[in-house]
Amino acid sequence: MNALIILFLIVGTLFNFLGTVALYRFPDVYTRLHGTTKCTTFGSIFTSAAVVLFALQKLASSGEGRFGTLAVHAVIAVAALLITNPTGAHAIARAAHRSGIMPKFAVVDRLAEDQKKKGGVSA
Amino acid sequence: MVIFVFSVIVYLLLAWSGNGIDMAEVIIGIVLGAILAFAAKVWNPRKFFSFYGLNPARWGMFIIYLFGPFLLGMIKANLDVAMRVITGKIRPGIVRINSGLKGTLATTMLANSITLTPGTLTVDISEDPEGGNLFYIHWINVTDENPEEGLVYGTFGKWARRVAE
Chain Y
839 MNALIILFLI VGTLFNFLGT VALYRFPDVY TRLHGTTKCT TFGSIFTSAA
889 VVLFALQKLA SSGEGRFGTL AVHAVIAVAA LLITNPTGAH AIARAAHRSG
939 IMPKFAVVDR LAEDQKKKGG VSA
Chain L
4 MVIFVFSVIV YLLLAWSGNG IDMAEVIIGI VLGAILAFAA KVWNPRKFFS
54 FYGLNPARWG MFIIYLFGPF LLGMIKANLD VAMRVITGKI RPGIVRINSG
104 LKGTLATTML ANSITLTPGT LTVDISEDPE GGNLFYIHWI NVTDENPEEG
154 LVYGTFGKWA RRVAE
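Line order of the protein sequences matches chains Y and L.
Each residue of the first sequence is one higher than the one before, counting from 839 in the working numbering.
Each residue of the second sequence is one higher than the one before, counting from 4 in the working numbering.
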């Protein structure tokens, strides 16, 4: 059981680390968002899973109610993270595109094409 | 109604100390839930007393979705992005997809699923005059400039339709 908890912690920290590296490696705001949203969400899920496992193990061995609370709180934190993280990334990406930051090295940008078309029709 | 039920449940889970719940906590939870539900009434007044979003069959389906295809897609996505972080191989672009979804809940669910899975990030959503919502998706590895639904996000569109519409 302890080995599993340590494994989860290692995997979670590794993904969080990769998310941070992605901030430096990638060229523009959109690709950076890929790294930061996906890797950090996934890493945090793993660290929280380690917390849940630890709490359940303690609950089973000692029977104290506070470890049950710990597990429930970790699960609620993961649920909140799963909802807010993609929403925030979406808001940042949309705001960036609206303020005219174009994706670097993009092979195709349908959103800019469609906005130009709409502007052409109304103007 | 759905906001009220959820606030009460989450409040009770947070207030639970591991040994059972006081009656006072339940009352506080109900009062707080009612305040939140009234505060959120402005956004959709028509659904205030309806049971929209509380269908247990749909919630069961949502949980199957969450632990089945979604978790699998997420693991794949993270390995993929991790490889791209290390090797630096990217071919980004923004593609357009008509999802055919109409409801706000289904759209939100699909947009969030897309953001959390294989190399894709929802940038903008607009309504198609022919029906359905258009998704503008930033894709980290563009293989096709006019892709089909399945190529970008697999079966998530079907699941969103089944669960939330």
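Where is the CB? At the ideal position from N, CA and C, for every residue including glycine.
Q) How is the alpha helix (DSSP H) around L:R99 delimited, first residue to last? A) By one-based count along the second sequence, residue 99 of chain L stands at place 96. From DSSP, L:R99 is part of no alpha helix (DSSP H) but of the beta strand (DSSP E) over 96-101.
Q. When you compare only the Cα positions, how much space is there between Y:T874 and Y:A860?
A. Mapped onto the first sequence, residue 874 of chain Y falls at position 36. Mapped onto the first sequence, residue 860 of chain Y falls at position 22. Taking the CA atoms as reference points, Y:T874 sits about 7 Å from Y:A860.
Q.
Cutting at 8 Å between CB atoms, please list the residues of its own chain near L:G122, excluding the five before and the five after it.
A. Numbered from its first residue, the second sequence carries residue 122 of chain L at position 119. Only A80, D83, V84, R87, W142, I143, N144 meet the Cβ criterion.
Q.
Per the DSSP calculation, L:R137 is bridged to which residue(s)?
A. Mapped onto the second sequence, residue 137 of chain L falls at position 134. Inspection of the sequence shows that residue 137 of chain L is occupied by Leu rather than by Arg. L:L137 pairs with L:N101, L:S129.
**Q.** Residue-level contact to chain L via CB, Y:K876, 8 Å cutoff
**A.** In the first sequence, the residue the question calls residue 876 of chain Y occupies position 38. Closer than 8 Å to the CB of Y:K876 there is at least one CB belonging to chain L.
Q: Reducing DSSP to helix, strand and coil, say where L:W62 ends up.
A: Counted from its first residue, the second sequence places residue 62 of chain L at position 59. DSSP, read as helix, strand or coil, puts L:W62 in helix.
Q.
Could you check whether the Cβ of L:N115 sits closer than 8 Å to any Cβ belonging to chain C?
A. Absence of chain C from the displayed structure is noted, the protein chains being Y and L.
Q. Which class does L:W162 belong to by DSSP, given the choice of helix, strand or coil?
A. Along the second sequence, one-based indexing puts residue 162 of chain L at 159. If DSSP states are grouped into helix, strand and coil, L:W162 belongs with the helices.
Q: Report back the beta-carbon spacing between L:A18 and L:I24 to the nearest angstrom; my notes put them in contact at under 8 Å.
A: Stepping through the second sequence from its first residue, residue 18 of chain L is reached at position 15. Stepping through the second sequence from its first residue, residue 24 of chain L is reached at position 21. Contact holds; Cβ gap of about 7 Å.
Q: Check whether the Cβ of L:N81 lies closer than 8 Å to any Cβ atom in chain Y.
A: Walking along the second sequence from the start, residue 81 of chain L turns up at place 78. Flagged as an interface residue toward chain Y: L:N81, by a C-beta distance shorter than 8 Å.
Q. Which word fits Y:N840, buried or exposed, when buried means at least 16 other C-beta atoms lie within 10 angstroms of its C-beta?
A. Position 2 of the first sequence, counted from the start, is the residue given in the question as residue 840 of chain Y. With fewer than 16 other beta carbons inside 10 angstroms of its own, Y:N840 counts as exposed.
Q) Measuring CA to CA, which of L:S129, L:K44, L:S20, L:F70 is closest to L:F7? A) Locating residue 7 of chain L in the second sequence gives position 4, where the first residue counts as 1. Taking L:F7 as reference, the option from L:S129, L:K44, L:S20, L:F70 with the minimal CA-CA separation is L:K44.
Q | Rounded separation between L:F138 and L:S102 - CA only | A | Your numbering for residue 138 of chain L matches position 135 in the second sequence. Your numbering for residue 102 of chain L matches position 99 in the second sequence. Those two C-alpha atoms are separated by around 7 Å.
Q. What residues of chain L sit near Y:L871, judged by a beta carbon separation below 7 Å?
A. Position 33 of the first sequence, counted from the first residue, corresponds to residue 871 of chain Y. Chain L residues near Y:L871: L124.
Q) According to DSSP, which residues form a beta bridge with L:W142? A) Counted from its first residue, the second sequence places residue 142 of chain L at position 139. DSSP lists L:G96, L:T123 as partners of L:W142.
Q. Around the Cβ of Y:G857, are there at least 16 other Cβ atoms within 10 angstroms (buried) or fewer (exposed)?
A. Looking up residue 857 of chain Y in the first sequence gives position 19. Under this definition Y:G857 is a buried residue.
Q | Contact list for the stretch 918-934 of chain Y against chain L, Cβ threshold 9 Å | A | Residues of the stretch 918-934 of chain Y that bring their beta carbon within less than 9 Å of a beta carbon in chain L comprise L920, I921, N923, P924, T925, A927, H928, A931, R932, A934, in sequence order.
Q) L:P95: buried (16+ other C-beta within 10 angstroms of its C-beta) or exposed? A) To locate residue 95 of chain L, count along the second sequence from 1; it is residue 92. Burial is judged here by how many other beta carbons sit within 10 angstroms of a residue's own beta carbon; L:P95 has at least 16 and is buried.
Q | Which listed residue (L:G32, L:D147, L:V29, L:I67) has its alpha carbon closest to that of L:I97 | A | Position 94 of the second sequence holds residue 97 of chain L. Considering only alpha carbons, the answer is L:D147.
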